[in-house]
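Peer 1: I'd like to ask some things about the structure below.
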Amino acid sequence: MLRRLPPCLRRALPASSSSTSAPRRGVRLAEHGQSPPQSAPPPPSPATQKDGAPLARMGATVTGIDAADESIKIARVHAVIEHVDNPSEFCGSLSALTVPNGAFVISTINRSIRAFATMIVALEYIFHWIPKGTHHWSKLVTPDELVQMLEKASIYVQEMAGIGYNPWRGDFSMSKDTSVDYFAYGIKKVETPSVVSQTQA
Numbered sequence: 001m002l003r004r005l006p007p008c009l010r011r012a013l014p015a016s017s018s019s020t021s022a023p024r025r026g027v028r029l030a031e032h033g034q035s036p037p038q039s040a041p042p043p044p045s046p047a048t049q050k051d052g053a054p055l056a057r058m059g060a061t062v063t064g065i066d067a068a069d070e071s072i073k074i075a076r077v078h079a080v081i082e083h084v085d086n087p088s089e090f091c092g093s094l095s096a097l098t099v100p101n102g103a104f105v106i107s108t109i110n111r112s113i114r115a116f117a118t119m120i121v122a123l124e125y126i127f128h129w130i131p132k133g134t135h136h137w138s139k140l141v142t143p144d145e146l147v148q149m150l151e152k153a154s155i156y157v158q159e160m161a162g163i164g165y166n167p168w169r170g171d172f173s174m175s176k177d178t179s180v181d182y183f184a185y186g187i188k189k190v191e192t193p194s195v196v197s198q199t200q201a
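All residue numbers for the sequence shown refer to full-length UniProt numbering, where the first residue is 1 and numbers rise by one.
Given below as C-alpha cells:
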C-alpha cells in the first residue's frame, strides 16, 4: 500500500524512525488538510477510515484531532498553504510542532500560467469540479518561494516532485513537472549554537 503514497512520504516514514525492525513504530505524524465543506457528508467511521486511509492500511492508528503543542515527527500538509493569509507564519507554526530531524511533506499549487488555466479557469469555471473562488492567484506559492519560507522555519527541502493526472486512467502520478501541483519533502534542522571560548586577560 506504500505505493499509493507520494514517494517523498514513503521515504519520510522510515527515515523518521530509529528502529530498523519496525520502521514506523512510535512515529507521530500530523496531517493538515482542508476541512470539508458544510454540505459534505459526515466523516467516515473509524472502521471506514481503517479500510480507506492509506496510513491506516499500513497499520497506523488514524485519529482526527485539533492541533496541539505536543511535538510530532512528521508534518504532512496537503493543499492548505495556498489558503492561509500568512504562509510564512504558517510554516513556522508547523515547524514549531516538529521535532529536530523530523520530516515535513507539503503539497500546494504553483503560481504559474498553467496552474491558473488548470486549477482556476478549468476546474472552477469550466468543469465546476471546485467551487468558484476557492483559489486566488495571489495566494499561490512558487517552489522557490516555498523553499525560502521553509528555510526560514528551519526546514530544508530535500526533494520536490510534481503531481500529474491521467484522464484516461483516472489516476494521479508523480512527475518532474512542478508547474501545477507539487510536493516538497524537507527535514527540520536545528543548528547548534557554536561555543565561543573566552580567554582571560
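Think of the CB as a built atom: it goes at the ideal place given N, C-alpha and C, for glycine as much as any other residue.
(1) Measure the C-alpha to C-alpha separation of S179 and P100 and round it to an integer number of angstroms.
(2) Taking the CB atoms as reference points, tell me whether I109 and A184 lie closer together than 7 angstroms.
(3) Tell me the rounded alpha-carbon separation between F90 and V84.
(4) Do you know how far the Cα of T142 is from the Cα of M160?
(5) When you compare only the Cα positions, how much space is there between T118 and T98?
(6) Could you give the first and the last residue of the continuous beta strand (DSSP E) run that contains K188?
(7) Taking buried to mean at least 16 other C-beta atoms within 10 Å of its own C-beta, is P87 buried or exposed?
(8) Using only CA atoms, which one of S154, F127, W137, E124 lies nearest to I81?
(9) Just the Cα atoms here: how many angstroms apart are A103 and G186?
(10) How many angstroms separate the CA atom of S35 from the CA atom of V190?
(11) May I have the straight-line CA-CA distance separating Q148 from I163, to the nearest angstrom?
(12) Exposed or buried, what is I155 when buried is set at 16 or more other beta-carbons lying within 10 Å of its beta-carbon?
(13) Please classify D171 as buried or exposed, where buried requires at least 16 neighbouring CB atoms within 10 angstroms.
(14) Can you round the beta-carbon distance between E151 and H135 to whole angstroms, since I take them to be within the 8 angstroms contact cut?
Peer 2: In terms of the structure at hand:
(1) Each residue's Cα considered, the two are about 30 angstroms apart.
(2) no
(3) 7 angstroms
(4) Straight-line Cα distance between these residues: approximately 12 angstroms.
(5) 33 angstroms
(6) 181 to 188
(7) Here P87 is buried, its C-beta having at least 16 other C-beta atoms within 10 Å.
(8) The shortest Cα separation from I81 among S154, F127, W137, E124 belongs to W137.
(9) 6 angstroms
(10) Summary for S35: the model assigns pLDDT 44, below 50, so the residue's position carries little reliability, and this model does not support an answer.
(11) One Cα belongs to Q148, the other to I163, and the distance between them is close to 21 angstroms.
(12) buried
(13) exposed
(14) Contact between E151 and H135 is ruled out by a C-beta separation of about 25 angstroms, above the 8 angstroms threshold.
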